[in-house]
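All residue numbers for the sequence shown refer to my numbering, where the first residue is 19 and numbers rise by one.
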Amino acid sequence: MIGSHHFTGRSRAPAAHKRGAKIVALVPARNEGAKIAFCLRALAQVADAIVYLDDCSDDDTPAIVESGAAQCRVARIIRNAHWHRDEPRDRNALLEAGRAVGGTHFIVIDADEAFTANCVEGGFLRDRILALQPGDRLALTWIQLWRSTAHYRFDQSVWTFDCRPFVFCDDGRCAYASAFIHTPRVPLSLRGRVRKLGGYSHGVMHFQFVNWRNLLVKQAWYRCLEHVRDPQVPAAEINARYAPSKDETALGVRPVPAEWLAGYPFFDREVMDARETWREAQVLGWFGQHGRAFFRDLDIWDIEWPPERAVIRLAGELPQLPMEPGHARDDVAT
Numbered sequence: 019m020i021g022s023h024h025f026t027g028r029s030r031a032p033a034a035h036k037r038g039a040k041i042v043a044l045v046p047a048r049n050e051g052a053k054i055a056f057c058l059r060a061l062a063q064v065a066d067a068i069v070y071l072d073d074c075s076d077d078d079t080p081a082i083v084e085s086g087a088a089q090c091r092v093a094r095i096i097r098n099a100h101w102h103r104d105e106p107r108d109r110n111a112l113l114e115a116g117r118a119v120g121g122t123h124f125i126v127i128d129a130d131e132a133f134t135a136n137c138v139e140g141g142f143l144r145d146r147i148l149a150l151q152p153g154d155r156l157a158l159t160w161i162q163l164w165r166s167t168a169h170y171r172f173d174q175s176v177w178t179f180d181c182r183p184f185v186f187c188d189d190g191r192c193a194y195a196s197a198f199i200h201t202p203r204v205p206l207s208l209r210g211r212v213r214k215l216g217g218y219s220h221g222v223m224h225f226q227f228v229n230w231r232n233l234l235v236k237q238a239w240y241r242c243l244e245h246v247r248d249p250q251v252p253a254a255e256i257n258a259r260y261a262p263s264k265d266e267t268a269l270g271v272r273p274v275p276a277e278w279l280a281g282y283p284f285f286d287r288e289v290m291d292a293r294e295t296w297r298e299a300q301v302l303g304w305f306g307q308h309g310r311a312f313f314r315d316l317d318i319w320d321i322e323w324p325p326e327r328a329v330i331r332l333a334g335e336l337p338q339l340p341m342e343p344g345h346a347r348d349d350v351a352t
């Protein structure tokens, strides 16, 4: 299993690049102790440096990041003091820190994602990133590994041929602005070209759908979070927003090509399929605060939630939902 003691060996050094350019990966995460080591090691094959933002993890994620900081070139660690989901705040904090460490080109990726391993070979992805001019974006296919790490979704759904920007070249002025969640990966104010690396030869693998129960809990968590933060939004609107994530109508899958993972000898399939508990614990905490009836119209009841009076210890004490936003603090990783 990948963990705080599994950053063995050195990460491959990125190939030489044009003078003055620096590729920095921006990674936000909360309670991703199982996956974060793989995420950072894979990114270190492409990026010159990584800036990590920890959104109040209460597992071993921060310790794992710190243990692998030198090997994976983690140049800055940002820690939020209090949990209050605010994606544009966090994205802007990451971007500012990335600029402070000299970044000119930025990769924006989550802890449950990784470039296909063949992107690393021969500087394939680095060359395309460094060819971007200020304001340009690079879009790649977002590949959904489906119910296992052996298959990916390929059908007529929204999850197929979904090509979106994960990389941009800084224009020095751009910033993030959006609602508190679902902030675009790259700032919408960028005005350069969008260069596409479409198709399925290369792309960004997304591990969200590998463990189906984790997926159901995560989607329930999002629905509940939106309902708690803004109870005036109709439940039907919230349900419609997240419906595609569980829709397997006319499902089609294809085998994952060997080259997508063969270049990552540190990849552990069991890690991606491990059960997560913190979101379930938080949903149960909200049930306790607001009552289950408050959430009855949300499409979250395809999960067997524990009974009302059960004593739940899924991830330590049930986390509460702060009503006021916290502030970020920067720490330099050594």
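Yeah, the Cβ is synthetic: ideal placement off N, Cα and C, and Gly gets one too. Computed from a prediction, not measured in an experiment: that's the story for all the values here.
Where the alpha helix (DSSP H) containing ASP108 begins and where it ends
105–118
ASP66 vs PRO106 beta-carbon contact at 8 Å:
No, they are not a contact pair.
Three-state secondary structure (DSSP) of TYR260
helix
Would you report the Cα separation of ARG331 and GLU277, rounded to the nearest angstrom?
Annotation note: pLDDT 46 at ARG331 (below 50); position unreliable, coordinate value reported separately. In a straight line, the C-alpha of ARG331 is about 40 Å away from that of GLU277.
Rounded to a whole number of angstroms, what is the C-alpha to C-alpha distance between LEU240 and CYS187?
According to the sequence provided, residue 240 is Tyr. The question's Leu does not apply to it. Roughly 31 Å separates the two Cα atoms.
Where GLU322 sits in the DSSP three-state scheme:
Coil at GLU322, not helix or strand.
Is it a yes or a no for the region 142–155 touching the region 223–240, going by three-plus beta-carbon pairs under 8 Å?
no
Just list the alpha helix (DSSP H) runs in the region 160–248, keeping only unbroken ones of 4 residues or longer that don't cross its boundaries, in chain order.
Counting only runs of 4 or more, we get 230–247.
For THR267, does the count of other Cβ atoms within 10 angstroms reach 16, so buried, or fall short, so exposed?
exposed
Alpha carbon to alpha carbon, how far is ALA132 from ALA111? Give it in angstroms, no decimals.
22 Å
Where do the N-terminal and C-terminal ends of the beta strand (DSSP E) with LEU302 fall, by residue?
Per DSSP, LEU302 belongs to no beta strand (DSSP E); it is in the alpha helix (DSSP H), 296–308.
Where does PRO325 land, buried or exposed, given buried means 16+ other C-beta within 10 angstroms?
exposed
As assigned by DSSP and simplified to three states, the class of GLU131:
strand
Tell me the residue span of the beta strand (DSSP E) that contains PRO46.
41–47
When the Cα of VAL264 is compared with those of GLN237, VAL251 and GLY281, which residue comes out closest?
First, the amino acid is wrong: residue 264 is Lys here, not Val. Selected option, being the one with the closest Cα: GLN237.
Three Cβ pairs or more, each shorter than 8 Å: is that satisfied between the region 62–80 and the region 157–167?
no
In terms of alpha-carbon separation, which member of PRO273, ASP189, THR295 and GLY38 lies closest to LEU208?
Sorting PRO273, ASP189, THR295 and GLY38 by C-alpha distance to the C-alpha of LEU208 places ASP189 at the top.
Where PRO252 and ALA118 are concerned, what is the direct C-alpha to C-alpha distance, given to the nearest angstrom?
42 Å
When you compare each of SER196, THR295 and ALA135 to PRO283 by their alpha carbons, which one comes out closest?
ALA135
Closest to LYS214 by C-alpha separation, out of THR167, ALA261 and CYS181, would be which residue?
CYS181
Measure the CB-CB distance between ALA43 and LEU61 and report whether it falls below 8 Å.
Yes. Within cutoff.
Can you say whether PHE313 is buried or exposed, counting buried as having 16 or more other CB atoms within 10 angstroms of its CB?
buried
How many angstroms separate the CA atom of ASP286 from the CA atom of GLN89?
19 Å
Helix, strand or coil, according to DSSP, for LEU357 in the structure here?
Lying outside 19 to 352, the shown extent of the chain, residue 357 is not represented and no answer is given.
If you draw a straight line from the alpha carbon of SER166 to that of PRO202, how long is it in whole angstroms?
The straight-line gap separating the alpha-carbon atoms of SER166 and PRO202 is approximately 26 Å.
Nearest to ARG191 by alpha carbon, out of PRO46, THR122 and LYS53?
Just measuring C-alpha positions, the residue of PRO46, THR122 and LYS53 sitting nearest ARG191 is THR122.
Sort ARG297, GLN307 and ALA258 by Cα distance to ILE321 and report the nearest one.
Of the residues ARG297, GLN307 and ALA258, the one whose Cα lies closest to the Cα of ILE321 is ARG297.
Please report the distance separating the alpha-carbon of ALA197 from that of ASP108.
12 Å
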